[in-house]
Amino acid sequence: MNWRSEAGRIYAFANRNVLMAGRNVFFVFELVFWPSVGVLSIGLMTRFLALDPEMTAFLLVGTMALSTVQVCQLDVSYAVLFDVWSKSVKHQFLAPVGIRHLALGSWLVGIARGLTVFALQAGLSRWAFGFDFFHAGAPALAAFLLGCFLTSLIVGLLVSALVVLFGTRAEVSAWATVNLVMVFCGIYYPVSILPPSVAVLASLFPLTYVLDAFRAHFGFASAFPHPLLTGFVLSAVYLGLARWALARAVIRCRRTGALLKMSE
Amino acid sequence: MLAVEVRDLSKTFRSGWFPRRLTRALRGVSLAIPRGAIWGLLGPNGAGKTTLLSILATLLLPDAGRVTVLGHDVVREAGAVRSRLNMASGNSNFIWSLRPPEILAFYARLYGLYGRALARKVDDLLALAELEPHRKVPYHELSTGLKQRLALAKSLVNDPELLFLDEPTLGLDPDVSMRMRAQIKALREERGTTILLTTHYMREAEELCDEIAFIKSGQIPARGTADALKRQIGIGDVIALRLDPPSCNRLADLPGVLECTSQDGRMECIVDSADKRLPEILRWLHEQGVVVRDVDVHEPDLEEVFVELAK
Ligand SMILES: Nc1ncnc2c1ncn2[C@@H]1O[C@H](COP(=O)(O)OP(=O)(O)O)[C@@H](O)[C@H]1O
Ligand SMILES: [Mg+2]
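Which chain is which? The protein sequence lines are A and B, in order.
Be aware that the first sequence starts at 8, since it is given in this note's numbering, and climbs by one per residue.
Be aware that the second sequence starts at 6, since it is given in this note's numbering, and climbs by one per residue.
Here's what the structure looks like:
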């Protein structure tokens, strides 16, 4: 295998996402507007409720995780969505490319965008609410961000699988799945307050553990024995499953002819 | 050496939940295409042309039958053939806001090109498709003809050994489609590319293809060179004549005249080629002292061919 060809295939998807982002007016909203609105409104709410600095940290960490996951996940989903919207899906699957190229290329752009959103939100929360994100230290912050980006990759691949299976009818999942994350991963509350049956569900999401581990640096006792390790192992398992789901979806499309239907 | 070998291929589409509709798009198709050939698949809308091409190009999985492309089984070894073939269709789409060089570079990268070879390939293809003046125009603002040329250019990014063209001249102006046909011919001449194209224009198949297969309702009832097919089916151009005296049976004996009938005071001669035979027939009639009051030439359309084939 020629590694430059491999890298070129990954770069093709990354480059395309960058080109498209540059031509999309909503890009500014995704990257600047919504994240700013999110962090400012939650921050102001903590002021209104007169929360102490720990509680403020708890909510802001949740908000920033949510925004970062969302913006990075969108980029991964775009790898398939752009083609479905333009009805040009077949050319991509006619070429000798694998899911790894599509996923990695778009994920890299997603990470870049996620980092931008994160930096913006971190700056805003420091300036407006005096919250120091870097208090936890660089390794903890890196693990937190990696955890968020892995969740984005998993969600992005699952959204892509749905879009390949159901076409534009499933595109809403690109914006809706994040709400699932919000309910189950303890974005605005600790998962321990969920009813036991729902808490079981929460324990299936890797982001739950990633958030738990990061909040431990802001004075919240960890609810799990090895949160980071559990989070990353779960992420790896789900990543494998999501990749498999997308591969199966593509094969199914090749059998039913949906790949052609989505191209005319 | 065969580029494509298909045996007893069938494909049924299932759509809808209730009622569940079955479309038998291909029913036992067999064919063999030698390397270096231009092969035509000629048939009306819905005949199964796109379905067949898509299976050969690995975009669609067959239900039954064996399909070998460039020596590889198209289902089990799809990965091995993908880098060696490509496809363009008359109704291709690309991402709307991307520009021609960006689209070509994207797909060239997917086929493993990088660096200087990539840049050169994109430039070459832009020149070939005469898209250089439109480098900065987003895809959705290109004219139909330019879109089609871009689709053809995209299908050449990997210098395919085997090229599938699905209705490459669909919706093009006559002069543009003529240029497109010239380009297709040049591909085979200059690069030795094996080409399988579909069309529902009989003239196009005749002009381009070494061999033609008629496809209808998912079956191939006839195949061969254009001339052989016409002879086999007994169909050609129709020359309708109003003569004085009204009937002249000896017309049927002239060279190139396949059939001659007389009705409502009109003679209808089916000839292999009207361009060639009309002057000869008129000269002969003149020599016989027959007055020609009216001449009408009409080229058979595909429906007539299929009516003939169905008999
Ligand atoms: N993806 C699909 N799903 C369901 N039916 C299909 C699909 N693609 C084609 N068909 C049906 O299969 C038949 C053959 O179609 P096609 O191969 O596109 O014909 P052609 O290209 O010769 O016009 C048609 O009846 C068409 O409606
Ligand atoms: Mg078709």
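A virtual CB, placed ideally from N, CA and C, is assigned to each residue, including glycine.
query	result
Can you round the beta-carbon distance between Ala110/A and Leu160/A to whole angstroms, since I take them to be within the 8 Å contact cut?	7 Å
Within the region 194 to 219 of chain B, note down every full beta strand (DSSP E) run reaching 3 residues or more, in order along the chain.	199 to 204
Please state whether DSSP places Asn9/A in a helix, a strand or coil.	coil
So which residues on chain A does Leu64/B lean against when the C-beta distance must stay under 7 Å?	Lys97, Phe100, Leu101, Arg261, Leu266, Leu267
Run down chain B in chain order and give the residues with a C-beta less than 9 Å from the C-beta of Asp82/A.	Chain B residues near Asp82/A: none, gap ~15 Å exceeds 9 Å.
If you draw a straight line from the C-alpha of Phe221/A to the C-alpha of Arg54/A, how long is it?	22 Å
Counting only the same chain and skipping the five closest in sequence on each side, list residues whose C-beta sits under 8 Å from that of Glu61/A.	Phe225, Gly226, Phe227
For Asn24/A, which of helix, strand or coil comes out of DSSP?	helix
Mark Asp249/B as exposed unless 16 or more other C-beta atoms lie within 10 angstroms of its C-beta, in which case mark it buried.	exposed
Could you tell me the boundaries of the alpha helix (DSSP H) in which Lys126/B lies?	120 to 133
On the three-state DSSP scale, how would you describe Pro165/B?	coil
Does the beta-carbon of Arg255/B have 16 or more other beta-carbons within 10 angstroms, so that it is buried, or is it exposed?	exposed
Does the beta carbon of Glu271/A sit closer than 9 Å to a beta carbon anywhere in chain B?	yes
Please determine whether the Cβ atom of Gly20/B lies at a distance below 8 Å from any heavy atom of ligand 1.	A small correction: the amino acid at residue 20/B is Ser; Gly does not occupy that position in the sequence shown. Ser20/B Cβ: within cutoff of ligand 1.
Is any heavy atom of ligand 1 found at a distance shorter than 8 Å from the C-beta of Asp171/B?	yes
Please state whether the Cβ-Cβ distance between Glu107/B and Arg176/A is less than 9 Å.	no
Taking Cβ to Cβ, would you say Ala21/A is nearer than 9 Å to Ser167/A?	no
Is Asn98/B near ligand 1, judged by its Cβ being under 8 Å from some heavy atom?	no
State buried or exposed for Gln293/B, treating a residue as buried only when at least 16 other CB atoms are found within 10 Å of its CB.	exposed
Taking the C-alpha atoms as reference points, what is the distance between His98/A and Ala124/B?	20 Å
With distances taken from CA atoms, which of Leu165/A, Leu157/A, Ala150/A, Val91/A is nearest Ala265/A?	Val91/A
So for Leu170/B, helix, strand or coil by DSSP?	strand
Between which residues of its own chain and Leu234/B is the CB-CB distance below 8 Å, once the five residues before and five after are set aside?	Ile217, Phe219, Ala227, Arg228
Indicate whether at least one CB of chain A lies closer than 9 Å to the CB of Leu118/B.	yes
Measuring only from the beta carbon, is Lys54/B closer than 8 Å to any heavy atom that is part of ligand 2?	yes
Using a Cβ-Cβ distance under 9 Å, would Glu107/B count as near chain A?	yes
How should Phe23/B be labelled, buried or exposed, when 16 other C-beta atoms within 10 angstroms of its C-beta is the threshold for buried?	exposed
Since Val104/A meets chain B, which of its residues come closer than 8 Å, beta carbon to beta carbon?	Leu115
From the DSSP output, in three-state form, read off His142/A for me.	helix
If you measure between the beta carbons of Val142/B and Arg104/B, is that distance less than 9 Å?	yes
Does the region 184 to 201 of chain B come close enough to the region 30 to 47 of chain B to have 3 or more Cβ pairs within less than 8 Å?	yes
Alpha carbon to alpha carbon, how far is Lys94/A from Phe99/B? Give it in angstroms, no decimals.	7 Å
Mind listing the chain B neighbours of Ser93/A? Cutoff is C-beta to C-beta under 7 Å, in chain order.	Asn98, Phe99, Ile100, Trp101
Does the beta carbon of Thr5/B fall short of 8 Å from some heavy atom of ligand 2?	Missing from the structure shown is residue 5/B; chain B here goes from 6 to 316 and no further.
In the DSSP assignment, find the unbroken beta strand (DSSP E) run with Gly288/A in it and report its ends.	Nothing about residue 288/A can be read from this structure; chain A reaches only from 8 to 271.
Between which two residues does the alpha helix (DSSP H) containing His291/B stretch?	279 to 292
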